[in-house]
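In this note's numbering, each residue carries its 1-based index in the sequence shown increased by 277.
Quick reminder that beta carbons are idealized off the backbone N, C-alpha and C, glycines included.
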Amino acid sequence: MKGSPLVRSLVLLGVLLFLSWPLSVLTRRGDEQAAGAAAEAAPEPLVASLPLVLTFSQTALQVEVSHLGKVVWKRERPERRVEAALEIPFPQEGVELAVAVQWEGEVEAALRLQLTGPDGADYDRSVWGVKTTEAVVSFP
Numbered sequence: 278m279k280g281s282p283l284v285r286s287l288v289l290l291g292v293l294l295f296l297s298w299p300l301s302v303l304t305r306r307g308d309e310q311a312a313g314a315a316a317e318a319a320p321e322p323l324v325a326s327l328p329l330v331l332t333f334s335q336t337a338l339q340v341e342v343s344h345l346g347k348v349v350w351k352r353e354r355p356e357r358r359v360e361a362a363l364e365i366p367f368p369q370e371g372v373e374l375a376v377a378v379q380w381e382g383e384v385e386a387a388l389r390l391q392l393t394g395p396d397g398a399d400y401d402r403s404v405w406g407v408k409t410t411e412a413v414v415s416f417p
């Protein structure tokens, strides 16, 4: 065997250190370009007026619809069928609405939510509960 193992390992370490700097520069530039391209590819969703129809099976004392922690629609003692327009963004992934309903009496009741998306597609969801109901509803 020619040469010392210690000398060989030091030469190998020197070669790896020599190659590490150009490799780190090349990989860092690719990550920055990929992050920039991803930021440009995802445009901010526009705020749209989305028609929402709420249909109650029982009399409700109060109903509240929230989007991203902000109340977008609220009504005391609504009629059995109510039409509303929500001014919220509707991204391609969809939207989640938090619904809170206080029902009159101790009987199980339902709330039907019919939302029309900006592309004209209709979405139909239901929420069931007794006395007080809180739910997060996803569209689509």
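Grab the span of the beta strand (DSSP E) containing residue 352 for me, first residue to last.
Segment 347 to 353, the beta strand (DSSP E) holding residue 352.
What are the boundary residues of the beta strand (DSSP E) that includes residue 326?
First-last of the beta strand (DSSP E) with residue 326: 324 to 333.
Identify which residue in 282, 354 and 283 has its Cα closest to the Cα of residue 380.
Selection 282, 354 and 283 evaluated against residue 380 yields 354 as nearest (Cα-Cα).
Residue of 342, 323, 411 and 410 minimising C-alpha distance to residue 391:
Selected option, being the one with the closest Cα: 342.
Starting from residue 417, trace the beta strand (DSSP E) both ways and give me its first and last residue.
Note, residue 417: premise wrong, no beta strand (DSSP E); not H, not E.
When 414, 286 and 396 are compared against residue 402, the one with the closest alpha-carbon
The shortest CA-to-CA distance from residue 402 to any of 414, 286 and 396 is the one to 414.
Are the stretch 403 to 413 and the stretch 371 to 386 in contact at 8 Å, needing three or more beta carbon pairs?
Taking one beta carbon from each stretch, the stretch 403 to 413 and the stretch 371 to 386 have 3 or more pairs nearer than 8 Å; the two touch.
From 333, 371, 297 and 326, pick the residue whose C-alpha is nearest to that of residue 361; which is it?
Ranking 333, 371, 297 and 326 by Cα distance to residue 361 puts 326 first.
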